[in-house]
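Heads up: the structure comes next, in structure tokens.
Chains as they are written, first to last, in my numbering: chain A, 340 to 1096; chain B, 640 to 728; chain C, 89 to 249.
Okay, structure coming up:
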């Protein structure tokens, strides 16, 4: 570990306790979304469109309704028709109308797998049989399945009623939902003065987050018009908001209980089945649970946007970047929001560039509505920028780390969107990369016959959001602390949040027991996403723990009849500053404290945590005959601010790298021209398995964030950004080939080798 | 005076220069002063007495979470930007 | 529909050492049987087509994807699931190693990995890294990149010796 902070004497932070929810998760006791069973529960199933683009002319549900064991059938007629209201300034944008239409199609289906009707039946088999009896009359339309098709003249239009925003102009009948631009300095002048200009365009295929747990939704709609929802989600409060909007209910009528969540990576922020289960429950007055199959998950949820990104960079004769231009076209899927502002923020984030211009297009296509996927849109743009930078280094003979250091973004650097960076740690990451054993090692460039080896490096960025979190603490009579929070725990955040409270209180991590509770039992807490959880909910825990100490001191003052300023607290002991006889442990003060139990609560609404940067080094061995690529060494370096629980920080770095490697080498939505995904199973989508990967070495760099008392930065997202370009650059190093499309699969490599000959 | 940078589309639509200057004790006040100099800007920034949904204000590198009531002491620059959708673990 | 009514089949089987008689629809998988009929939900569904390994169970000493086995096929057989790994005396060394090595993030794939890894260590007490990766190739994890899982299995093998 590389640390720029003086090593404070933390007792809990930086240690590796066993996570509080671990025992339930290694014994099979933990209850995930599909594990819930309620008395009298019915099973819901949905009918999905076989077409990627079609008008719904009519739906006949009569045969399904007549079936034995079928309790209710629903269509979008059972949902309120919502207006085109833009939602609040939260992490999800888009309109209520689109939110609702994505749950169930009203007039048009916009992707294969779009839900058109739902059924509640006594069991899954009956529900599936009933769904097959629903007859839908479609008028099939031609789909557009990539940005080129969608932006072509005379392209079929997804939303005839939608008004796009093209640089402030209102535009109808376009698949471009938005065209945004950012400008800093004068790029024309910058390129004119450049000694070398390199331009590349990359083509990224649509990918899926690939979480192992499929979506589900369980609901009860009671006689008082209150809806209880149980679901696996990254944000119980965002589910509450979305469900209440789709059902046109006040938020207080909806209570969401988050189940354990089997992976999300951004894909478990949107809602899908929850409102359908709720309406089916309203019709039957029984609990209804609906679950997706793996194919449903691929066809109708997720994906991370595909698209095309063109980047042009000019440097002077000394190697200093003078100008940078990006043209970013990303697939929103069926409804607007392809994270183009995030793309713009990330595309040149690693460099200090005096002039930049970015054009970004949010493009509607007949694919499922894009969901965030771990640093949404940052890997797509990093592939272009980091490839161009690598090419510049190759042409000019620069060392790729030295070139990056010469142009490095640091505190005070103006970003492409305009604001200047606060304290960031990219430079420290690049230096750590340069000093790493991996970078210093020489790659054996003569492996077994027929194989070539190459090394690639790339950097990447994610900005870490802040937002709202709430935490409650309660001191139990045994001196231990119960912590309740609203952040669903995808990867060890119960531990990283509880550890921050434990650090403040000076007690062991195990003595703070965290529970993730429902939306009626804790203050509003935004999604587990945007790398915000350990930062923001951890900050709330930090504040709540300080308030708990104030409470402890107040009660001790009453008990001892001395003033509060004569009392101090540390490491689980409250004591008088002057009288050494006056001293209590937490257990003693918690035993019948005067004026009631000792509790505290805190909430925060935070700004960004300060960006997180990652630098990855990849060594590959490529079989020239088959094009098969093996990753043989891999090192992930990242500024993590301050690692609260280092094991889970390493885990984020390794997991992000693995997803990025899959994206680079294997993963894609392989679609036919009708907009049907042909590889919608794990067998054919082919995410990395244990055998595909080497050990992923991690180097945690700690440049504390200015915005958090312990210096926490988000760590979940930066590690998925560098892998795609690092692998592309390594392929070029091995074979002298610039592959500009993902996935860089065996057939692409062998074809490119053939063309080269 | 505080340096103000408006989003490209507002500048383009209303003919506002890349960089303008304004003062204000808080963000609400500052936007009123911008509106005096460049009529029409406020409509893009404020809605129902709040910072418009989808719009954020970055005050010396930090995105305000307080919105229009954010006090402006010793501030050198403010960027109004489209707010950004977030991702996740 | 009444005319298509399929009769349930009585099955006698042993699950985690407990002999039981259950009634199963003949078209229902062992996975669904465990979760819906027996009522133990530690065995997870990730894909229902034999590609993710989240539903791995041990059937008479052999690991199988329980979504690819019918409930009616387990007559007279011995099934071990994740629920059978810990004893009243404590966790299995693999479970302990998974906790200590932080070999799980979301935890949905963990039961499948544990059941698979146990079958490996039952037969090969000291597998190499490569052998562990081969053995676990049928279990998908999307969170960890496998690094810490491989290390945990290796650690458990050394500690149980």
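Don't be surprised by glycine CBs; every beta carbon is placed ideally from N, CA and C.
- 6 Å Cβ shell around residue 640 of chain B - same chain, five flanking residues per side excluded: Along the second chain, read from residue 1 onward, the residue named residue 640 of chain B stands at position 1. Closer than 6 Å at Cβ, skipping near neighbours: 660, 662.
- For residue 171 of chain C, which of C:223, C:240, C:194, C:201 has the nearest alpha-carbon? Numbered from 1 along the third chain, position 83 holds the residue referred to as residue 171 of chain C. Closest in alpha carbon position to residue 171 of chain C, among C:223, C:240, C:194, C:201, is C:201.
- Message: Any C-beta of chain C within less than 9 Å: which residues of the region 583-613 of chain A qualify?
- Response: So the list reads 599, 600, 601, 602, 603, 604, given in the order they occur along the chain.
- Beta-carbon proximity list for residue 781 of chain A, same chain, < 8 Å, skipping 5 on both sides: Locating residue 781 of chain A in the first chain gives position 442, counting from the first residue. Cβ neighbours of residue 781 of chain A beyond the five flanking positions: none.
- Item | When A:588, A:548, A:660 are compared against residue 563 of chain A, the one with the closest alpha-carbon | Stepping through the first chain from its first residue, residue 563 of chain A is reached at position 224. Measuring from the Cα of residue 563 of chain A, the nearest candidate turns out to be A:588.
- Message: Less than 6 Å between C-beta atoms, sequence neighbours within five positions excluded: which residues of the same chain meet that for residue 1077 of chain A?
- Response: Your numbering for residue 1077 of chain A matches position 738 in the first chain. These residues qualify, in order along the chain: 1071.
- Task: For chain B, find out if any of its Cβ atoms is closer than 8 Å to the Cβ of residue 760 of chain A; answer yes or no.
- Result: Residue mapping note: residue 760 of chain A aligns to position 421 of the first chain, counting from 1. Output row for residue 760 of chain A: interface = yes.
- Query: Quick one, which of A:483, A:408, A:398 has its alpha-carbon nearest residue 444 of chain A's?
  - Reply: For the purposes of this step, residue 444 of chain A is identified with residue 105 of the first chain, where counting begins at 1. With distances taken between Cα atoms, residue 444 of chain A lies closest to A:398.
- Message: So if I threshold CB-CB distances at 7 Å, which residues from the region 135-147 of chain C count as touching chain E?
- Response: Protein chains in the displayed structure are A, B and C, and chain E is not among them.
- Message: Quick check: the Cα distance between residue 855 of chain A and residue 833 of chain A, rounded to an integer number of angstroms?
- Response: In the first chain, residue 855 of chain A corresponds to position 516, counting from 1. In the first chain, residue 833 of chain A corresponds to position 494, counting from 1. So the two alpha carbons sit approximately 8 Å from each other.
- Item | Under the three-state DSSP convention, the category residue 1009 of chain A falls into | The sequence position of residue 1009 of chain A within the first chain is 670, counting from 1. Secondary structure at residue 1009 of chain A: coil, using DSSP grouped into helix, strand and coil.
- Within 10 angstroms of its Cβ, does residue 617 of chain A collect 16 or more other Cβ (buried), or is it exposed? As a first step, residue 617 of chain A must be located in the first chain, where it is residue number 278. Taking a 10 Å sphere around the C-beta of residue 617 of chain A, we find 16 or more other C-beta atoms and assign the residue as buried.
- Query: Do the region 873-892 of chain A and the region 1046-1053 of chain A touch if we need at least three Cβ pairs shorter than 8 Å?
  - Reply: Pairwise C-beta distances place the region 873-892 of chain A in contact with the region 1046-1053 of chain A, as three or more of them are shorter than 8 Å.
- Task: Specify, as a first and last residue, the run of the alpha helix (DSSP H) that residue 222 of chain C falls within.
- Result: On the third chain, position 134 is the one that residue 222 of chain C refers to. Its alpha helix (DSSP H) spans residues 217-223.
- Message: Considering only the alpha carbon of each residue, which of C:127, C:114, C:126, C:131 lies closest to residue 199 of chain C?
- Response: Mapped onto the third chain, residue 199 of chain C falls at position 111. Looking at the Cα atoms, C:131 is the closest of the given residues.
- Task: Would you check if there are 3 or more beta carbon pairs closer than 8 Å linking the region 878-888 of chain A to the region 928-945 of chain A?
- Result: Short answer: they touch.
- Query: Between residue 164 of chain C and residue 480 of chain A, what straight-line distance do the alpha-carbon atoms span, to the nearest angstrom?
  - Reply: On the third chain, position 76 is the one that residue 164 of chain C refers to. On the first chain, position 141 is the one that residue 480 of chain A refers to. Rounded to the nearest whole angstrom, the C-alpha separation of residue 164 of chain C and residue 480 of chain A is 54 Å.
- Message: Taking the alpha-carbon of residue 576 of chain A as reference, which of A:488, A:713, A:586, A:590 has the nearest alpha-carbon?
- Response: For the purposes of this step, residue 576 of chain A is taken as residue 237 along the first chain, with counting starting at 1. Residue A:590 is the option with its Cα nearest to residue 576 of chain A.
- Message: Considering Cα atoms alone, identify which of A:631, A:998, A:668 is closest to residue 1063 of chain A.
- Response: Here residue 1063 of chain A corresponds to residue number 724 of the first chain, with the count starting at 1. If we check each option's Cα against that of residue 1063 of chain A, A:998 comes out closest.
- Query: Is the region 673-681 of chain A touching the region 700-713 of chain A, taking contact as three or more C-beta pairs under 8 Å?
  - Reply: Touching, yes, given that three or more Cβ pairs across the two stretches are closer than 8 Å.
- Query: Taking the alpha helix (DSSP H) that residue 246 of chain C falls in, what are its first and last residues?
  - Reply: Stepping through the third chain from its first residue, residue 246 of chain C is reached at position 158. Start and end: 235-247.
- Message: Taking 8 Å as the threshold (C-beta atoms), are residue 627 of chain A and residue 381 of chain A in contact?
- Response: Indexing the first chain from 1 puts residue 381 of chain A at position 42. Indexing the first chain from 1 puts residue 627 of chain A at position 288. It is a contact, given that the beta carbons lie within the stated cut-off.
- Task: Mind the definition here: the region 784-803 of chain A touches the region 568-585 of chain A only if three or more C-beta pairs lie below 8 Å; say whether that holds.
- Result: The answer is no - the region 568-585 of chain A does not touch the region 784-803 of chain A, with fewer than three Cβ pairs under 8 Å.
- Out of curiosity, what's the CA-to-CA distance linking residue 414 of chain A and residue 1080 of chain A? Here residue 414 of chain A refers to the residue found at position 75 of the first chain. Here residue 1080 of chain A refers to the residue found at position 741 of the first chain. Using only the alpha carbons, I get a separation of about 40 Å.
- Task: Less than 8 Å between the CB atoms is what I'm expecting for residue 932 of chain A and residue 894 of chain A, so what's the real figure, rounded?
- Result: Locating residue 932 of chain A in the first chain gives position 593, where the first residue counts as 1. Locating residue 894 of chain A in the first chain gives position 555, where the first residue counts as 1. The pair is a contact, with the Cβ atoms about 4 Å apart (cut-off 8 Å).
- Any chance the region 916-935 of chain A sits against the region 945-958 of chain A, with 3 or more Cβ pairs inside 8 Å? Per the Cβ contact rule, the region 916-935 of chain A is not in contact with the region 945-958 of chain A (fewer than 3 Cβ pairs under 8 Å).
- Can you name, in chain order, every residue of its own chain whose Cβ lies under 8 Å from the Cβ of residue 713 of chain B, other than the five neighbours on each side? In the second chain, residue 713 of chain B corresponds to position 74, counting from 1. Closer than 8 Å at the Cβ level, and outside the excluded window around residue 713 of chain B, lies no residue.
- Message: Closer than 8 Å is the cut-off here; do at least three beta carbon pairs connect the region 144-153 of chain C with the region 634-652 of chain A?
- Response: Taking 8 Å as the limit for Cβ pairs, the verdict is that the region 634-652 of chain A does not touch the region 144-153 of chain C.
- Query: Under the DSSP definition of a beta bridge, which residues are partnered with residue 698 of chain A?
  - Reply: The count along the first chain starts at 1 and reaches residue 698 of chain A at position 359. Residue pairing from DSSP places residue 698 of chain A in a beta bridge opposite A:520, A:666.
- Expected contact under 8 Å - CB spacing of residue 604 of chain A and residue 713 of chain A to nearest Å: For the purposes of this step, residue 604 of chain A is taken as the residue at position 265 of the first chain. For the purposes of this step, residue 713 of chain A is taken as the residue at position 374 of the first chain. Under the criterion of beta carbons closer than 8 Å, residue 604 of chain A and residue 713 of chain A qualify as touching, at roughly 5 Å.
- Item | Short CB-CB distance (under 8 Å) between residue 365 of chain A and chain C | By one-based count along the first chain, residue 365 of chain A stands at place 26. Nearest CB-CB separation between residue 365 of chain A and chain C: below the 8 Å threshold.
- Query: If residue 699 of chain A and residue 755 of chain A are in contact, beta carbons under 8 Å, what's the gap, nearest whole angstrom?
  - Reply: Taking the first chain and counting its residues from 1, one reaches residue 699 of chain A at position 360. Taking the first chain and counting its residues from 1, one reaches residue 755 of chain A at position 416. About 11 Å; that fails the 8 Å criterion.
- Under a three-way DSSP split, which group does residue 952 of chain A fall into? Counted from its first residue, the first chain places residue 952 of chain A at position 613. Per DSSP, reduced to three states, the secondary structure at residue 952 of chain A is strand.
- Message: Which runs of the beta strand (DSSP E) at least 3 residues long sit entirely within the region 627-671 of chain A? Give them in chain order.
- Response: As far as the region 627-671 of chain A is concerned, its whole beta strand (DSSP E) runs of at least 3 residues are 627-630, 646-654.
- Within the same chain, show all residues whose beta-carbon is closer than 8 Å to that of residue 706 of chain B, passing over the 5 residues directly before and after it, in chain order. Stepping through the second chain from its first residue, residue 706 of chain B is reached at position 67. 666, 689, 690, 696.
- Under 7 Å Cβ-Cβ, which residues of chain A neighbour residue 196 of chain C? Your numbering for residue 196 of chain C matches position 108 in the third chain. Residues of chain A whose Cβ lies closer than 7 Å to the Cβ of residue 196 of chain C are, in chain order, 371, 551, 552, 601, 602.
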